[in-house]
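Structure first, then comments.
Numbering (my numbering), first residue to last: 4 to 342.
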C-alpha cells in the first residue's frame, strides 16, 4: 500500500514538479516506510523549493526526531514555530521532542501552552496526558484522557492512551473491555492490540502475551508498528526465560522507524545475553546504545552493567540483584508501552 502511494507521488511530481503537497506527501510516505534518510533528503528538497511551506518544515523536524537527532529536531521545531506561530502541529512536535529528551516538566509546559492557544486540539490534549503518565501522575493522566474522550469520543488514540494508564493502575479488566479488538485492521487497531498484549504480560500471562505479540509482529503492515511489536515480543520471551528465542527474535529484526526503538532493541539484546552469561555479547550490545541525551531509556544500560557486574567492579547481594531486576524490568516495560 505504501509502495503504491510512493509510486503515485513520483508520478504526480513528474507531471507537476512545482506541486508542494506532492513533494511533502512523497517525503511522508518515505518516513512511513522507515526510509528516514531518504525522507530527510526529500523534505530538504521540498524546503529548498518551497521555503514557506509549513508542512515541509514540520515534517523535516519529525524525521530528525525519529532519527534520534533530538537537539536538531528541537531547533527545527523552534524555527517552524517562529515562522508559523499559529501551527499547532509544530508546537506539539516540539513538546514531544522535549518529552523524549526526558525534560518532562518542560514538555508539560509546552503542551499547556499549545492547549491554551488551541483549546480544541485533541492531539495536544493527549500529548499532555501522556506526559502526566510519564511523570507518574496517573490519576491526573486518566482525568486528562477522560476529558479528551468526552470531547472526541471516536478518537482512538485517546482511548489507547487511557488504556495505557489503566494498565499501569492494574485495572486490566476495565482496560480490555475498553479495547475489544481481536482482529486489528487500522493502525489505531494495532496500537490497541499492542496495549492489550502488554496488559496480559503485566498480569503474568506470558504465553498469551507472546501469542498476541507474535501475531502482531507477523501481520502488522506498518514498519513502525512492527518495530514495537517485535521489541515487545523479545521482552515477553525474556520474561518467560526463553532467552535464546528472545535474542533470535530481536537480532533478526531491523528496526526501521525510530531511534528510541533501535536503542531499546539493543538494550534488550544486551539484557538477554547478560542473563545467560554471554558477557562479551552483552557488553558489545550495550556499548552500542547511545547515551547522549537524558531520555529515561538510556539509563537502563547502566543499570544492566551494575546488575550483571559487567564492569567487574562489585558483586551484588541476592536482595540487591532482585531489587535491581525489578527496577530494570519496570523501566523496560514502561519504554515498550510508550511506543
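Note that the Cβ used here is the ideal one computed from N, Cα and C, for glycine as well.
Can you tell me whether residue 252 is buried or exposed? The criterion is at least 16 other CB atoms within 10 Å of its CB, across all chains shown. Along the chain shown, read from residue 1 onward, the residue named residue 252 stands at position 249. By the 10 Å Cβ count, residue 252 comes out buried.
Pairwise C-alpha distance: residue 87 and residue 241: On the chain shown, residue 241 is found 238 positions in, with the first residue counted as 1. On the chain shown, residue 87 is found 84 positions in, with the first residue counted as 1. Using only the alpha carbons, I get a separation of about 46 Å.
| When the distance is taken between beta carbons, is residue 148 closer than 7 Å to residue 131? | Taking the first residue of the chain shown as position 1, residue 131 is located at position 128. Taking the first residue of the chain shown as position 1, residue 148 is located at position 145. Their beta carbons are not under 7 Å apart, which means residue 131 does not touch residue 148 by this criterion.
Short of 6 Å in beta carbon distance, which residues of its chain neighbour residue 92, apart from the five on each side in sequence? Order them along the chain. If you number the chain shown from 1, residue 92 lands on position 89. Cβ neighbours of residue 92 beyond the five flanking positions: 61.
Pop quiz: residue 77 and residue 97 are said to be a contact at Cβ under 8 Å. What is the actual Cβ separation, rounded to whole angstroms? Residue mapping note: residue 77 aligns to position 74 of the chain shown, counting from 1. Residue mapping note: residue 97 aligns to position 94 of the chain shown, counting from 1. Going by Cβ atoms, the distance from residue 77 to residue 97 rounds to 7 Å, so yes, they are a contact pair.
For residue 336, collect the residues of the same chain with a Cβ closer than 8 Å to its Cβ; drop the 5 residues on either side in sequence, then sort them by chain order.
Taking the first residue of the chain shown as 1, we reach residue 336 at position 333. Excluding residues within five positions, the ones whose Cβ falls inside 8 Å are 201, 204, 205, 238.
Look at the Cβ atom of residue 55, then the Cβ atom of residue 42, and state whether they are nearer than 7 Å.
-> For the purposes of this step, residue 55 is taken as the residue at position 52 of the chain shown. For the purposes of this step, residue 42 is taken as the residue at position 39 of the chain shown. No, the Cβ-Cβ distance between residue 55 and residue 42 is not below 7 Å.
Quick check: the stretch 116-130 against the stretch 156-165, are there 3 or more CB pairs under 8 Å?
-> yes
Quiz item: Which residues mark the beginning and the end of the alpha helix (DSSP H) in which residue 219 is found?
Solution: Walking along the chain shown from the start, residue 219 turns up at place 216. Counting along the chain, the alpha helix (DSSP H) containing residue 219 begins and ends at 209-222.
> Quick one: Cα of residue 230 to Cα of residue 192, how far?
Replying inline: Reading the chain shown from its first residue, position 227 is the one you call residue 230. Reading the chain shown from its first residue, position 189 is the one you call residue 192. Each residue's Cα considered, the two are about 16 Å apart.
Using CA atoms only, rank isn't needed, just tell me which of 327, 221, 219, 18 is closest to residue 310. Your numbering for residue 310 matches position 307 in the chain shown. Among 327, 221, 219, 18, the Cα nearest to that of residue 310 is on 327.
* CB residue 168 to CB residue 144, shorter than 7 Å? -> By one-based count along the chain shown, residue 168 stands at place 165. By one-based count along the chain shown, residue 144 stands at place 141. Taking 7 Å as the Cβ cut-off, residue 168 and residue 144 qualify as a contacting pair.
Could you compute how far the alpha carbon of residue 185 sits from the alpha carbon of residue 32? Against the chain shown, residue 185 aligns to sequence position 182. Against the chain shown, residue 32 aligns to sequence position 29. Their backbone Cα atoms lie some 28 Å apart in a straight line.
- prompt: Which of helix, strand or coil does DSSP assign to residue 276?
  reply: If you number the chain shown from 1, residue 276 lands on position 273. The answer is helix: DSSP assigns residue 276 an H, G or I state.
Less than 7 Å between C-beta atoms, sequence neighbours within five positions excluded: which residues of the same chain meet that for residue 261? Position 258 of the chain shown holds residue 261. Taken in chain order, the residues that qualify are 69, 227, 230.
Margin query: Just to confirm the assignment, what range does the alpha helix (DSSP H) spanning residue 281 have?
Written below: One-based indexing of the chain shown puts residue 281 at position 278. Run containing residue 281: none; DSSP gives neither H nor E here.
What residue range does the alpha helix (DSSP H) around residue 193 cover? Taking the first residue of the chain shown as 1, we reach residue 193 at position 190. Counting along the chain, the alpha helix (DSSP H) containing residue 193 begins and ends at 190-206.
How should residue 134 be labelled, buried or exposed, when 16 other C-beta atoms within 10 angstroms of its C-beta is the threshold for buried? For the purposes of this step, residue 134 is taken as residue 131 along the chain shown, with counting starting at 1. Result: buried.
Q | Run of the alpha helix (DSSP H) containing residue 258, from where it starts to where it stops | A | The count along the chain shown starts at 1 and reaches residue 258 at position 255. Careful: residue 258 lies outside any alpha helix (DSSP H) and carries neither H nor E.
Helix, strand or coil for residue 181? Go by DSSP, reduced to three states.
As a position in the chain shown, residue 181 is number 178, starting the count at 1. Looking at residue 181 - three-state DSSP - the assignment turns out to be helix.
Looking at C-alpha atoms only, which residue of 281, 220, 28, 155 is the closest neighbour of residue 257?
-> Translated into positions along the chain shown, residue 257 becomes position 254. Cα-wise, what sits closest to residue 257 is 220.
Straight-line Cα distance separating residue 95 from residue 83: Translated into the one-based positions of the chain shown, residue 83 becomes position 80. Translated into the one-based positions of the chain shown, residue 95 becomes position 92. If you take the alpha carbons of residue 83 and residue 95, they lie about 12 Å apart.
Report the residue from 277, 154, 58 whose alpha carbon sits nearest the alpha carbon of residue 30.
Here the question's residue 30 lines up with position 27 in the chain shown. Of the listed residues, the one whose Cα sits closest to residue 30 is 58.
With hydrogens ignored, establish whether the beta-carbon of residue 70 is closer than 6 Å to any heavy atom of the ligand NAP. Ligands are entirely absent from the displayed structure, and the ligand NAP is therefore not among its contents.
query = Secondary structure at residue 24, three-state DSSP: helix, strand or coil?
reply = Position 21 of the chain shown, counted from the first residue, corresponds to residue 24. In this structure, residue 24 counts as helix in the three-state DSSP scheme.
message = If you reduce the DSSP assignment to three classes, tell me which class residue 318 lands in.
response = Here residue 318 refers to the residue found at position 315 of the chain shown. Here residue 318 sits in coil by DSSP.
| field | Pick from 216, 263, 44 that is closest to residue 102, judged by C-alpha positions | value | If you number the chain shown from 1, residue 102 lands on position 99. Here the closest residue by C-alpha is 263.
Fully enclosed by the stretch 228-252, which beta strand (DSSP E) runs are 3 residues long or longer?
none
Item checked: Integer-rounded CB distance, given that residue 292 should sit under 8 Å from residue 269 -> If you number the chain shown from 1, residue 269 lands on position 266. If you number the chain shown from 1, residue 292 lands on position 289. Between residue 292 and residue 269 the Cβ distance is about 5 Å, and since that is below 8 Å, they are a contact.
Given a threshold of 16 other Cβ atoms within 10 Å of its Cβ, counted over all protein chains shown, does residue 19 qualify as buried or as exposed? The count along the chain shown starts at 1 and reaches residue 19 at position 16. Flag for residue 19 reads exposed.
- Of all the alpha helix (DSSP H) runs that stay within the bounds of the stretch 73-152, which reach a length of 4 or more residues? 73-86, 91-103, 107-120, 125-137
Query raised in the report: Apart from the five residues just before and just after residue 324, which ones in its own chain have a Cβ nearer than 7 Å to its Cβ?
Result: Position 321 of the chain shown, counting from 1, holds the residue named residue 324. Counting only Cβ-Cβ distances below 7 Å, and skipping sequence neighbours, we find 310.
- Task: Just tell me which of 12, 111, 38, 155 has its CA closest to the CA of residue 139.
- Result: Here residue 139 refers to the residue found at position 136 when the chain shown is read from its first residue. When each option's Cα is compared against that of residue 139, the closest is 111.
- Message: Helix, strand or coil, according to DSSP, for residue 176 in the structure here?
- Response: Along the chain shown, read from residue 1 onward, the residue named residue 176 stands at position 173. It is helical.
| Run through DSSP, which three-state label would residue 167 get? | Taking the chain shown and counting its residues from 1, one reaches residue 167 at position 164. Three-state DSSP puts residue 167 in a helix.
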